[in-house]
Amino acid sequence: MSTVIDDKPKLYAEAADFMPLNGTDYIEMYVSNAKQSAHFFRTAMGFQPLAHAGLMTGKRDYESYVVVQDKIRIVFTSPLKSGTEIGEHIDKHGDGVKVTALWVDDATHAYNAAIERGAKHFMKPQKEEDEHGHVVRSGIYTYGEVVHIFVERDNYNGIFLPGFQKWETHSTFPTMGLKYVDHMVGNVELGAMNKWCDFYKEVMGFAQIISFDDNDISTEYTALMSKVMSNGNGRIKFPINEPADGKKKSQIEEYLEFYEGPGVQHIAVATDDIIKTVTQMRDAGVEFLRVPGTYYETVLDRVGSIDEDIAPLQELGILVDRDDEGYLLQIFTKPLTSRPTLFFEIIQRKGAQSFGKGNFKALFEAIEREQELRGTL
Ligand code: FE2
C-alpha cells in the first residue's frame, strides 16, 4: 500500500463531530526547571511571557510559567518538592509533553461523550473560578501518560486560567512569527498505531486522512509507519507513528527507549515567513537538522517552481515538498530536551495540506547521522 490522501471535503465529512473542537488551547510540559525552560522558549523561539502560578500565587507543590506566541500557548510546570506525580513523570520520561488541551464549547459534554465511547478518565469536569469568571475543564488519557484536557472558557476573561497571575517581567525578546499548532505527533509502541488511530476515530470522532507505511518511510537502516488523524474542522491533526522492522534501531525506537514509553514526538508550529522565522531562531541558538547540500541540486526538479529563492533555503536547511494542492516548506529542530525525544517542526504551508512525504528519506538519513553520533542507531 502506498500513500493515500483523500480529498478534503470527503475526509472532513467522515469525521463525526459529536465533540466539536475549536482548536489547541494550550500544551503543558512537565519539566525539571520551568523557569529556565520558559526562558529558553522566550529567547530562542520568540515566545512572550503570559502567566505564572506558584508560591507567589498560593501554590505550594508546583510552579508553572506560561508563554504565548500568537495562538500558541505553552505551560511549563515543575514540582516544588519531592514525591509528586509531576516529579515521578519527569523522573521516568525526562522533560516532555503531559497535556494537549483542546478548546471546546462544553467541557462536560466532551468528557461525557469521550467516556461513553471508552476513554480512560483523567479529570472529571470541574469548575474553576476567580474574579475574572470561570472555566470548566475535564480530561481523558490518550497514548502513554499523555492526556487531553478539554477547556471551556466562554465565561472567562482572565490572563490564562483561574489561579494564574499575569507574568510581569522587565525583559523583552522579539517574537519570531510562530502562529499556531499545525499538528502534534505521537510515537507509540510497535503494533499500537492502529489501536490509537481507532481511539481517535471512535472516542474522539476523528477521521484518518493519510497513511504511510514502511515502503514510504524507510532508509537503509530504519523504517516507521504513520497515520494522520484529523478532527472534523481540520484544526486538530494528530499523526501517530510506530516503528517498523529495519536493520538498525529506528528513531521511533530510540524515542521509546529514552522516553521510556509512548509520548509526544514533535510539535509542528506554523509561520507565514519560514526564512525569517528560522533565521531568527538559528541566530538565537536553536539547532536544526541538516540535509546534505545535494538535496538542493534536485529539489526543484521534484517540486517544480516555488516563490522562494533556493539560496536562503539551502543556507538554512529548509526542506520543500509538494502535493496536489500546493507546496510546503518545513524544517526540524534537533531534540530540545537532554534525552533525544521531543523536537519541534517549523512549517509554512503554501496550499499543501500534507506532511512532507517527499522529504522523509533525506530527513531520516539526517536523523540517522545524529543517532550514529549519539551511539543509538
Ligand atoms: Fe510533522
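Start counting the sequence shown at 24; every next residue gets the next number (this note's numbering). The beta-carbon is built from N, C-alpha and C at its ideal position, and this holds for glycine as well.
- The Cβ atoms of Ile297 and Ile263 lie no closer than 7 Å to each other.
- For Thr131, the enclosing alpha helix (DSSP H) begins and ends at Ala130 to Glu139.
- Fewer than three pairs of CB atoms, one per stretch, sit closer than 8 Å, so the segment 145–153 makes no contact with the segment 78–91.
- If you measure from each CB to the nearest heavy atom of the ligand FE2, the residues under 5 Å come out as Ala291 and Glu368.
- Gly398 counts as exposed, since fewer than 16 other C-beta atoms from the protein chains shown sit within 10 angstroms of its C-beta.
- With contacts defined by Cβ atoms closer than 7 Å, Glu175 and Ala130 form a contacting pair.
- With contacts defined by Cβ atoms closer than 7 Å, Leu400 and Lys271 form a contacting pair.
- Judged by their CB atoms, Leu351 and Arg372 are nearer to each other than the 7 Å cut-off.
- Residue Leu184 holds the alpha-carbon nearest to the alpha-carbon of Ala76 among Leu184, Phe261, Glu310 and Ser328.
- Excluding five sequence positions before and after Leu103, the CB atoms of its chain that fall closer than 8 Å to its own CB belong to Gly77, Leu78, Lys82, Arg83, Asp84, Tyr85 and Glu86, given in chain order.
- Residue environment: Glu265 is assigned as buried (16 or more neighbouring CB atoms within 10 Å of its CB, all protein chains considered).
- Around the beta carbon of Asn178, fewer than 16 other beta carbons sit within 10 angstroms, so the residue counts as exposed.
- C-alpha of Pro43 to C-alpha of Phe222: approximately 16 Å in a straight line.
- With a cutoff of 7 Å on beta-carbon distance, His171 and Leu125 are scored as near each other.
- Of the candidates Trp190, Arg313 and Ala389, Trp190 places its Cα closest to the Cα of Phe70.
- Per DSSP, Phe387 is one residue of the alpha helix (DSSP H) stretching across Phe383 to Arg397.
- Of all C-beta pairs linking the segment 364–381 to the segment 130–146, fewer than three are shorter than 8 Å, placing the two stretches out of contact.
- For the pair Ala142 and Met68, the Cα-to-Cα distance works out to about 34 Å.
- By DSSP's assignment, Val343 forms a beta bridge with Leu352.
- Between the alpha carbons of Val208 and Gly286 lies a gap of roughly 9 Å.
- Per DSSP, the continuous alpha helix (DSSP H) segment holding Gln274 begins and ends at Gln274 to Tyr282.
- The count of Cβ pairs closer than 8 Å, one atom from the segment 52–67 and one from the segment 87–100, reaches three, so the stretches are in contact.
- In the displayed model, Trp219 falls within a helix according to three-state DSSP.
- Taking the Cα positions, Ile50 is about 6 Å away from Arg96.
- In the structure shown, Pro197 falls within a coil segment according to DSSP collapsed to helix, strand and coil.
- Straight-line measurement puts the Cα of Glu283 at about 18 Å from the Cα of Ala267.
- Under the three-state reduction of DSSP output, Asp48 falls in the strand class.
- Taking C-beta atoms as the reference points, Ser253 and Ile232 count as a pair closer than 7 Å.
- Classified as exposed, Asn180 has fewer than 16 neighbouring CB atoms from the shown chains inside 10 Å of its CB.
- Within the segment 230–271, the complete beta strand (DSSP E) segments of 3 residues or longer fall at 230–235, 246–253 and 260–267, listed in chain order.
- Residues of the same chain with a CB within less than 8 Å of the CB of Ser361, apart from the 5 flanking positions on each side, are Gly117 and Asp118 in chain order.
- For Gly110, the secondary structure class from DSSP, reduced to helix, strand or coil, is helix.
- Rounded to the nearest angstrom, the gap between the Cα atoms of Glu368 and Gly349 is 19 Å.
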